[in-house]
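These notes concern the structure reproduced below.
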Amino acid sequence: MRWMAMLALAALMVGVAVEVSHGLGLQTVASVANAEEGGAEAEVVRQRTWWDSVRAAGWVGAIIFLVSIAALALIIQYSVEQKAEKLLPPHLVTELEQLFEEQAYDEAAELCQTEDCYFTRIVGAGLSKMEGGYDAIIKAIETAGDEETGKLFGKLSNLSLMVAVAPMLGLYGTVTGMIAAFNVIASTAGGATPAQLADGISEALVTTFLGLTVAIPTSVAFHFLKSRVVRISMETGGIVGDLFERFRQPAA
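For the sequence shown, my numbering assigns the number 252 to the last residue and increments by one with no breaks.
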């Protein structure tokens, strides 16, 4: 199923995030001491952990993390709310088709009011213009369809915003990290050690990586949900058009 593929991709991206962030681990010099015998220098090295890299991302990384939580919550919410079973319930399609066959339009209008959903709001708009004839009905259902579909796309635009914001935050972290690294170089008159530069470089790289890790799966989810809304709206348009086709006057 498509939603399972989407979740699998998200899980893959999380796994890649952990592995690559760990791979970014830089070995930093903890201390350099003179050996007690022979005067030889001994270098004590500590492995830079994944958590060290994440902490180096600073407040920019924290904001990206919050964006990722919000994106995940919206993806789950829209995946549930905008399912075909909720927007275009099969049992309501069957009931309305039967009521239209029986010409029980008052009952159909009442059903549309009691069973509020994307499909019934469009049908209800058409039923409210029955006295105006076929042209008025078509205009009403087209207007209602555009309005209801626009609401769905409006919600999805929140995900589109996060797709744009996450990598921009990562780029911002890249700039601030490089500024920090150059400040260290300037303050040490060019004699900065790798350990002193590590935090700035980590912020520059990790924030970019985190931003892309959020943006890529969110972009995939956005386009999946958008294409699903388009498909459901087209299917709904066909069903509603068939329901009201009986009101079309034959050409003279």
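Using N, Cα and C, we set each Cβ at its ideal position, and we do this for glycine too.
For Ala108, the enclosing alpha helix (DSSP H) starts and ends at Tyr105 to Thr114. Between Gly170 and Phe209, the CB-CB gap stays under 9 Å. Distance from Val220 to Gly61 at the Cβ level is roughly 22 Å; contact not present, criterion being Cβ atoms closer than 8 Å. Restricting attention to Met234, His223 and Met162, the CA atom closest to the CA of Ala70 is found in Met162. Closest by C-alpha distance to Val229, out of Tyr78, Ile141 and Gly241, is Tyr78. Proximity of the region 165 to 181 to the region 125 to 135 falls short of the contact definition, fewer than three beta-carbon pairs being nearer than 8 Å. Looking at the backbone, the Cα of Ala57 and that of Ala181 are separated by about 13 Å. Under the 8 Å Cβ criterion, the region 104 to 117 counts as touching the region 83 to 92, having at least three qualifying pairs. Between Val67 and Val184 a beta carbon distance of about 28 Å is seen, past the 8 Å cut, so the two are scored as non-contacting.
Going by beta carbons, Phe65 and Ile137 fall outside the 9 Å limit.
In this structure, the beta-carbon distance from Leu152 to Ser233 falls below 9 Å.
In the three-state reduction of the DSSP assignment, Gln77 falls in the helix class, which pools H, G and I. Ranked by Cα distance from Leu72, the first of Pro167, Asn158 and Gly124 is Asn158. Rounded to the nearest whole angstrom, the C-alpha separation of Gly200 and Ser227 is 41 Å.
Counting other Cβ atoms within 10 Å of its Cβ, Val123 reaches 16 or more and is therefore classed as buried. In this chain, Thr188 is not harboured by any alpha helix (DSSP H), its DSSP state being neither H nor E. When secondary structure is reduced to three states using DSSP, Arg248 falls in the coil class, being assigned neither helix nor strand. Non-local C-beta neighbours of Ala125 in its own chain, meaning closer than 6 Å and more than five positions away in sequence, comprise Ala140, Ile141 and Ala144, ordered along the chain.
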